[in-house]
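Residue numbering for the sequence shown follows the working numbering, beginning at 767 and increasing consecutively.
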Amino acid sequence: MLNLSEILTFKRLNGGSNIKILGLVGSPNINGNTAKLVNAILDGAAENGSEKSIYNLASLNIKGCDACLKCQESGCCLINDDMQELYQEIQTADAIVLGSPVYMWQMTAQTKLLIDRLTAFLKPNFSSRLDNKKLILVFSQGSSDRDAFKPYFEYTAGLLYYLGFDVLETIIAAGTDKLEVSSRPGLIEKARELGKLISAPHMSEPEFRRTESSLTPIL
Ligand SMILES: Cc1cc2nc3c(=O)[nH]c(=O)nc-3n(C[C@H](O)[C@H](O)[C@H](O)COP(=O)(O)O)c2cc1C
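Okay, here's the thing in structure tokens:
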């Protein structure tokens, strides 16, 4: 009997329409700038035949980590809330798109609740239970200064690496106070192309431009 990882590898090698891409949006604006970018990436992936699903974190019941640390041994969080569904979704997704607006120079509180609960993916020795799951990070910010939060975005990408995600790209919509994402077809199109790229059936690692040390704002 094949385990989950073997099933996903088998499916990936035998056709294009089987990659599962998961969008997580940490904005209270259900159809705001962040959601539009995340959706554009998912739509691009769907054009390649990927299965897409999206959750708005602000609409879910996600409690704060209560520091019982029971998850470290078992890998299972004991808090019975909507994170239980998200743990499953994250584990079975081939790629994740995580988006947040910048609030007070950082990710939103809704996004941080999720991040804290991802501690369940860490083993007692702090290595990850995740196998370098592909992730695209999306930020949107009112400020038109693209570099204003660059250190914070890099820091966040570093945190996600630590948690076991392979952060392939960080995309930023800057200056949304003056021009919303919906008025930038070029930006939406680039996000869509990114979705196609991440879901390409035979995407080899070097084809994807990593952004460990440099961010690629696609404004
Ligand atoms: C409470 C709050 C705090 C914010 N803080 C910042 C900030 O520190 N820097 C910034 O550039 N924009 C800030 N913004 C603006 C949002 O980041 C920006 O409008 C973003 O595009 C909203 O994304 P959304 O449409 O997906 O909700 C803030 C907005 C709110 C409501």
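Each residue gets a CB set at the ideal place from its N, CA and C atoms; glycine is no exception. As the structure is a prediction and not an experimental result, all values here were calculated from the model.
Problem set entry | Residue ranges of each alpha helix (DSSP H) within the region 841-878, 4 or longer | As summarised for the region 841-878, the continuous alpha helix (DSSP H) elements at least 4 residues long and confined to that stretch are 849-858, given in chain order.
For this session: Kindly indicate which three-state DSSP category residue 930 falls into: helix, strand or coil?
Result: Note: residue 930 maps to coil in three-state DSSP.
Exercise. Expressed to the nearest angstrom, what Euclidean distance is found between the alpha-carbon atoms of residue 798 and residue 895?
Worked result: Spanning the two alpha carbons is a distance of roughly 33 Å.
For this session: Report the partner residues of residue 939 according to the DSSP bridge assignment.
Result: BP columns for residue 939 point to 906.
Exercise. If you measure from the CB of residue 863, is any heavy atom of ligand 2 nearer than 7 Å?
Worked result: For the structure depicted, ligand 2 is absent and the ligand set comprises only ligand 1.
Exercise. From residue 785 to residue 900, what does the alpha carbon distance come to, in whole angstroms?
Worked result: Cα-Cα distance, rounded: 12 Å.
For this session: For residue 960, name the three-state secondary structure that DSSP assigns.
Result: In the structure shown, residue 960 sits in a helix (DSSP, three-state: H, G or I).
Exercise. Excluding the five sequence neighbours on either side, which residues of its own chain have a C-beta within less than 8 Å of the C-beta of residue 767, listed in chain order?
Worked result: Confidence at residue 767 is low in this model, with a pLDDT of 38, below 50, so the placement of that residue should be treated as unreliable; the coordinate-derived value is given next. Closer than 8 Å at the Cβ level, and outside the excluded window around residue 767, lies no residue.
Exercise. Do you know whose CA, among 862, 893, 903, lies nearest residue 816's CA?
Worked result: Per the C-alpha coordinates, the member of 862, 893, 903 positioned closest to residue 816 is 862.
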